[in-house]
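Enquirer: Input: one structure, supplied below.
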Amino acid sequence: MSMDFIEALQEIERDKGIAKEVLLEAIEAALISSYKRNFNTAQNVRVDINRYTGVIRVYARKTVVDEVLDPRLEIAAEAAREINPHYQIDDIAEIEVTPRDFGRIAAQTAKQVVMQRIREAERGLVYNAFIDKEEDIVNGIVQRQDVRNLFVDLGKVEAVLPLTEMMPTDKFKHGDRIKAFITKVENTTKGPQIIMSRTHPGLLKRLFELEVPEIYDGVVEIRSVAREAGFRSKIAVHSRNDEVDPVGSCVGQKGIRVQTIVTELKGEKIDIVRWSENVEEYVANALSPSKVVEVIVFEAEKMARVIVPDYQLSLAIGIKGQNARLAAKLTGWKIDIKSETQAEQEYGRPKTASGTMHQDSISID
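Sequential numbering of the sequence shown, starting at 1, is according to UniProt numbering.
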């Protein structure tokens, strides 16, 4: 190797950000193994690469002794002092043993080491770039699909979208643009592995953060999200400013903000409800679009019994219990829904004549 080799390492340092000294130390370590393997020796050696000229030398390292028992590892004191008169017993003497044809082996080994380090550095850069995007939304282009996964090109890396993390309404083909939520970034031996999801509640949350400036600025806060991807979702919002309507902010003028999200989620229905510290009010809001007559809270069981008008019972429960199930996920409370007639029959509670509880929510289809 020569000055050209050193200059090439300096260029790699500038372009790839890998320190020249790190590469040289890695090459030296690899050349030790190559020397022992190619020249069938078990002796201790040190490889030195001149940092300016690129010249490579191999030195055998032997212990200075009075009587040599293993010539591969030991050298007599008299012979050692012929190399350097300052050597003493138990010192380590270095004798140059550079083979004549070692340059060819060195060049091949150096190339392999440099390429490996470049790949590792590039993987590290990709990992560092995407670890900050964990639990965030990214855009990509669909590349291919197998029986379990959809593979998405994110520019510097190919991400994996398991088919189990796709919505039932998702239909993608090669070349389609896709927006997904990164759930995990791992640094594996094969490079960074990025796992994405289209069903994660975080996708809905981040979409609202991107579409609603009041959420991005922190004026409106998302307190909870419940989602059955591709079918229906509920999101509870709260305003830190009494003059800002959290539900209206999320809906936008003529529903444009939420409609953008609904379109991205292939028509998924979204109920936007006002979060409240008052459990009765919060549970009533969460059951949107159903009207609620009364909510009775049982703190010990963390259960809420909800009474709804007779004609609203099926709406409150939802198809296959979906509305009630999402409301329970959203609030964190068990919800037992009864019609007014059922409540009268089971608990002796007369039907109310005062109308329904006030609810603050909106349902977007």
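In this text, a Cβ means the ideal position worked out from N, Cα and C, and glycines have one as well.
Going by DSSP, name the residue or residues bridged to Gln145.
Expert: Your numbering for residue 145 matches position 145 in the sequence shown. Beta-bridge pairing links Gln145 to Leu150.
Enquirer: What does the Cβ neighbour count give for Pro246, buried or exposed, with the cut at 16 atoms within 10 Å?
Expert: The residue given as residue 246 occupies position 246 in the sequence shown. The residue in question, Pro246, is buried, as its Cβ has 16 or more Cβ neighbours within 10 Å.
Enquirer: At what residues does the beta strand (DSSP E) containing Met167 begin and finish?
Expert: Indexing the sequence shown from 1 puts residue 167 at position 167. No beta strand (DSSP E) contains Met167, which DSSP labels as neither H nor E.
Enquirer: In this structure, does DSSP put Ile118 in helix, strand or coil?
Expert: Translated into the one-based positions of the sequence shown, residue 118 becomes position 118. Looking at Ile118 - three-state DSSP - the assignment turns out to be helix.
Enquirer: Taking the alpha-carbon positions, what's the Ile18 to Glu28 distance?
Expert: Your numbering for residue 18 matches position 18 in the sequence shown. Your numbering for residue 28 matches position 28 in the sequence shown. In a straight line, the C-alpha of Ile18 is about 16 Å away from that of Glu28.
Enquirer: Of the choices Thr260, Lys16, Phe151, whose alpha-carbon is the least far from that of Glu122?
Expert: Counted from its first residue, the sequence shown places residue 122 at position 122. Here the closest residue by C-alpha is Lys16.
Enquirer: When you compare only the Cα positions, how much space is there between Phe298 and Lys338?
Expert: Residue mapping note: residue 298 aligns to position 298 of the sequence shown, counting from 1. Residue mapping note: residue 338 aligns to position 338 of the sequence shown, counting from 1. Answer to the nearest angstrom: the Cα atoms are 15 Å apart.
Enquirer: For a quick check, are the C-beta atoms of Val142 and Phe172 less than 8 Å apart?
Expert: For the purposes of this step, residue 142 is taken as the residue at position 142 of the sequence shown. For the purposes of this step, residue 172 is taken as the residue at position 172 of the sequence shown. Yes, the pair counts as a contact, with Cβ atoms nearer than the cut-off.
Enquirer: Under a Cβ-count criterion, where at least 16 other Cβ atoms within 10 Å of its own Cβ denotes burial, should Gln312 be classed as buried or exposed?
Expert: Position 312 of the sequence shown holds residue 312. Result: buried.
Enquirer: Tell me the start and end of each unbroken alpha helix (DSSP H) in the segment 19 to 92 that is at least 4 residues and wholly inside, in chain order.
Expert: Here the runs fully enclosed are 20 to 38, 77 to 83.
Enquirer: Name, in chain order, the residues that DSSP records as bridge partners for Ser339.
Expert: The residue given as residue 339 occupies position 339 in the sequence shown. Note: Ser339 sits in a beta bridge opposite Val308.
Enquirer: Let me know the secondary structure DSSP gives Pro192 once reduced to three states.
Expert: Mapped onto the sequence shown, residue 192 falls at position 192. The answer is strand: DSSP assigns Pro192 an E or B state.
Enquirer: Helix, strand or coil: how does DSSP classify Val107 here?
Expert: Residue mapping note: residue 107 aligns to position 107 of the sequence shown, counting from 1. It is worth fixing the name first, because residue 107 is Ala in this sequence and not Val. It is helical.
Enquirer: Alpha carbon to alpha carbon, how far is Glu186 from Glu74? Give it in angstroms, no decimals.
Expert: Here residue 74 corresponds to residue number 74 of the sequence shown, with the count starting at 1. Here residue 186 corresponds to residue number 186 of the sequence shown, with the count starting at 1. The alpha-carbon atoms of Glu74 and Glu186 are separated by roughly 47 Å.
Enquirer: Would you call Asn285 buried or exposed, if buried means 16 or more other Cβ atoms sit within 10 Å of its Cβ?
Expert: Here the question's residue 285 lines up with position 285 in the sequence shown. When all chains shown are included, Asn285 counts as buried.
Enquirer: Does DSSP classify Glu96 as helix, strand or coil?
Expert: Against the sequence shown, residue 96 aligns to sequence position 96. Here Glu96 sits in strand by DSSP.
Enquirer: Would Ile261 pass as a contact of Ile270 if the rule is Cβ separation under 8 Å?
Expert: Along the sequence shown, one-based indexing puts residue 261 at 261. Along the sequence shown, one-based indexing puts residue 270 at 270. Yes, the pair counts as a contact, with Cβ atoms nearer than the cut-off.
Enquirer: Tell me Gly140's beta-bridge partners as DSSP assigns them.
Expert: The residue you call residue 140 lines up with position 140 of the sequence shown. Paired residues: Ile178.
Enquirer: Compute the distance between the beta-carbons of Met196 and Phe208, then report whether it is under 8 Å.
Expert: Numbered from its first residue, the sequence shown carries residue 196 at position 196. Numbered from its first residue, the sequence shown carries residue 208 at position 208. In this structure, Phe208 does not lie closer than 8 Å to Met196 by Cβ.
Enquirer: Which same chain residues end up closer than 7 Å to Glu281 when comparing Cβ atoms and leaving out the 5 residues on each side of it in sequence?
Expert: Taking the first residue of the sequence shown as 1, we reach residue 281 at position 281. Within the same chain, Glu281 has no close Cβ partners at all.
Enquirer: For Arg206, which of helix, strand or coil comes out of DSSP?
Expert: To locate residue 206, count along the sequence shown from 1; it is residue 206. Arg206: helix per DSSP, three-state reduction.
Enquirer: Going residue by residue through the segment 273 to 318, where are the continuous beta strand (DSSP E) segments of at least 3 residues, counting only ones entirely within it?
Expert: Whole beta strand (DSSP E) segments, 3+ residues: 294 to 298, 303 to 308.
Enquirer: Taking the C-alpha atoms as reference points, what is the distance between Val114 and Ala106?
Expert: The residue labelled residue 114 in the question sits at position 114 within the sequence shown. The residue labelled residue 106 in the question sits at position 106 within the sequence shown. Taking the straight line joining both Cα atoms gives about 12 Å.
Enquirer: Would Pro192 be called buried (16 or more neighbouring beta carbons within 10 Å of its own) or exposed?
Expert: Reading the sequence shown from its first residue, position 192 is the one you call residue 192. Pro192 is buried by the Cβ-count criterion.
Enquirer: Report yes if the C-beta distance between Ala229 and Arg198 is below 8 Å; otherwise report no.
Expert: Numbered from its first residue, the sequence shown carries residue 229 at position 229. Numbered from its first residue, the sequence shown carries residue 198 at position 198. Going by C-beta atoms, Ala229 is nearer than 8 Å to Arg198.
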